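Per this note's numbering, numbering of the sequence shown is gapless, rising by one per residue and ending at 343. Below: the structure, in structure tokens.
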Amino acid sequence: MLTITVVGGGVAGLTLAATLDPTTYDVTLVERQPGRRTVPTVFGIWPFALDALERIKLAEPVRDGGYALTSAVITADSARRPVTMSRQGATMWAIARPALLAVLDGAVPDTVARVQSHVTDATALDGDLVVAADGARSVVRRQAWGDEPRDTGIVAIRGVALTPPSMPLDQMREFWGDGMLFGTGPNRLPHGMGTNWYASARRGEEAPADALAWAREAYAGWPALVRETLAAADPEQMVVNTILESRRPRSLVRGRFILVGDAAHAMSPNLGRGACEAMVDAIALGEALNEDGPDGVRRYARSRLRPGQRTRAAAAAARRLALSPRAGRVVLRLAGGSSRA
Ligand SMILES: Cc1cc2nc3c(=O)[nH]c(=O)nc-3n(C[C@H](O)[C@H](O)[C@H](O)COP(=O)(O)OP(=O)(O)OC[C@H]3O[C@@H](n4cnc5c(N)ncnc54)[C@H](O)[C@@H]3O)c2cc1C
Numbered sequence: 003m004l005t006i007t008v009v010g011g012g013v014a015g016l017t018l019a020a021t022l023d024p025t026t027y028d029v030t031l032v033e034r035q036p037g038r039r040t041v042p043t044v045f046g047i048w049p050f051a052l053d054a055l056e057r058i059k060l061a062e063p064v065r066d067g068g069y070a071l072t073s074a075v076i077t078a079d080s081a082r083r084p085v086t087m088s089r090q091g092a093t094m095w096a097i098a099r100p101a102l103l104a105v106l107d108g109a110v111p112d113t114v115a116r117v118q119s120h121v122t123d124a125t126a127l128d129g130d131l132v133v134a135a136d137g138a139r140s141v142v143r144r145q146a147w148g149d150e151p152r153d154t155g156i157v158a159i160r161g162v163a164l165t166p167p168s169m170p171l172d173q174m175r176e177f178w179g180d181g182m183l184f185g186t187g188p189n190r191l192p193h194g195m196g197t198n199w200y201a202s203a204r205r206g207e208e209a210p211a212d213a214l215a216w217a218r219e220a221y222a223g224w225p226a227l228v229r230e231t232l233a234a235a236d237p238e239q240m241v242v243n244t245i246l247e248s249r250r251p252r253s254l255v256r257g258r259f260i261l262v263g264d265a266a267h268a269m270s271p272n273l274g275r276g277a278c279e280a281m282v283d284a285i286a287l288g289e290a291l292n293e294d295g296p297d298g299v300r301r302y303a304r305s306r307l308r309p310g311q312r313t314r315a316a317a318a319a320a321r322r323l324a325l326s327p328r329a330g331r332v333v334l335r336l337a338g339g340s341s342r343a
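Below is the structure:
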């Protein structure tokens, strides 16, 4: 039986392990921190990812574990005139990260061997195929492709509050201005609706308490929703991440090594698509291997290189726009020049 080692039991690794046919492949999933408790920040899940999840019968459990967001409102300050763009009828779903991981984990067959290990030498791993699902700082990619992601110089500060936001519960809001960004929306937590929030900063990665102190000061002149959310924030319910962007690989395959998810295309979070692309990669790879045997690797590489890299580039453009002084003018243009608040 062909052996496959999957490095990383995050979104991509679990999705792949859930897709691969256990009667054809002997799969080992290597994760350095299985069951790690994480702050339940939210993932936006776009329809294209739900379509892929539908094929492995996981779209419904993901919808059941999350909630629908039907409108998005962006407010950008243009020449001191606030400009608002509102999109109604959007079909994005949102789900807390631990809830998504639980759905994916529950779909992994018992035949998959689970190994707790921090991989430091990818070349020493067993496996006819070795899949790099080890995220933006992928050790496998560094060793097999010989490159590193770029640091954008931006950190994302994210947090969760136990009380619901003072806004409609099917809406998400973003505020752009002065080279900064703040977003907030609902968050379905085990006890009921809470709040999800995020902010960008041109700073280094630091302790949540320091990041919060900075954010309260930096966003002091912003709308009440922003100030109140930060005032209620708890550093114990926060994470601070450096935003990294992968370089464009020539191929997703090198010898027996294969890239999926952030290892292939770590991206800025501004489009909310990294986990979506990671699941689509993993399902495409799993299906290609199930249908074509080991040759399926080529089909996967052909079909997924461009989409992932296009999204990575688009997310970088969205980041630059949201944090640029032109943001207000562009939002005004996208809003048809009429929607002001
Ligand atoms: C602020 C922010 C907001 C985001 N919002 C969204 C959103 O709304 N929607 C969306 O689709 N995406 C979003 N993303 C992107 C999303 O988080 C990632 O794209 C997604 O988690 C990538 O999944 P992955 O499985 O490739 O990597 P990861 O989720 O990083 O998983 C990698 C796994 O590999 C393990 N691992 C790493 N190294 C090793 C090693 N050497 N040995 C063993 N195990 C290892 C890790 O412990 C981890 O479990 C956001 C990201 C950020 C930073």
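Just so it is clear, CB atoms sit at the ideal spot from N, CA and C, and this is done for glycine as well. Quick caveat: nothing in here was measured; it's all calculated off a predicted structure.
Local Cβ density within 10 Å of residue i, reported as buried at 16 or more and exposed below that
{"i": "arginine 175", "result": "buried"}
{"i": "aspartate 66", "result": "exposed"}
{"i": "glutamine 373", "result": "The structure shown has nothing for residue 373, since the chain only spans 3 to 343."}
{"i": "glutamate 219", "result": "exposed"}
{"i": "aspartate 123", "result": "exposed"}
{"i": "arginine 321", "result": "buried"}
{"i": "serine 340", "result": "With a pLDDT of 44 at serine 340, under the threshold of 50, the modelled position of this residue cannot be trusted; read the value that follows with caution. Looking at its Cβ environment, which holds fewer than 16 other Cβ atoms inside 10 Å, serine 340 is exposed."}
{"i": "alanine 329", "result": "buried"}
{"i": "histidine 193", "result": "exposed"}
{"i": "glutamine 35", "result": "exposed"}
{"i": "valine 333", "result": "buried"}
Member of the options whose CA lies at the smallest distance from the CA of residue i
{"i": "glutamine 239", "options": "Leu164, Val141, Ala78", "result": "Leu164"}
{"i": "glycine 181", "options": "Ala78, Pro24, Gly274", "result": "Ala78"}
{"i": "leucine 261", "options": "Thr186, Ala234, Gln145, Ala318", "result": "Gln145"}
{"i": "arginine 99", "options": "Gly206, Tyr302, Gly68", "result": "Gly68"}
{"i": "isoleucine 156", "options": "Leu334, Met94, Leu325", "result": "Leu325"}
{"i": "tryptophan 178", "options": "His193, Ala203, Arg160", "result": "Ala203"}
{"i": "histidine 120", "options": "Gly10, Arg160, Glu208", "result": "Gly10"}
{"i": "leucine 184", "options": "Val32, Arg160, Arg205, Pro167", "result": "This sequence places phenylalanine at residue 184; leucine is not what is there. Residue Arg160 is the option with its Cα nearest to phenylalanine 184."}
{"i": "glutamate 150", "options": "Val32, Leu246, Pro327", "result": "Leu246"}
{"i": "valine 64", "options": "Arg116, Gly108, Gly15, Thr154", "result": "Gly108"}
{"i": "valine 242", "options": "His267, Leu52, Glu207, Ala51", "result": "Glu207"}
{"i": "alanine 265", "options": "Glu62, Trp147, Trp216", "result": "Trp147"}
Counterpart residues of residue i in DSSP-defined beta bridges
{"i": "phenylalanine 259", "result": "Val132, Arg256"}
{"i": "asparagine 189", "result": "Gly196"}
{"i": "arginine 152", "result": "Glu247"}
{"i": "tryptophan 216", "result": "Answer is none; tryptophan 216 lacks a bridge partner."}
{"i": "glutamine 173", "result": "Ser73"}
{"i": "glutamate 33", "result": "Gln118"}
{"i": "serine 202", "result": "Ala158"}
{"i": "threonine 7", "result": "Thr30, Val132"}
{"i": "valine 241", "result": "Arg160"}
Check: residue i C-beta below 7 Å from any heavy atom of ligand 2
{"i": "isoleucine 285", "result": "Within the structure as shown, ligand 2 is missing, the only ligands being ligand 1."}
Check your understanding: What runs of the alpha helix (DSSP H), each 4 residues or longer, lie entirely inside the region 54-120?
Key -> Within the region 54-120, the complete alpha helix (DSSP H) runs of at least 4 residues are 61-67, 99-108.
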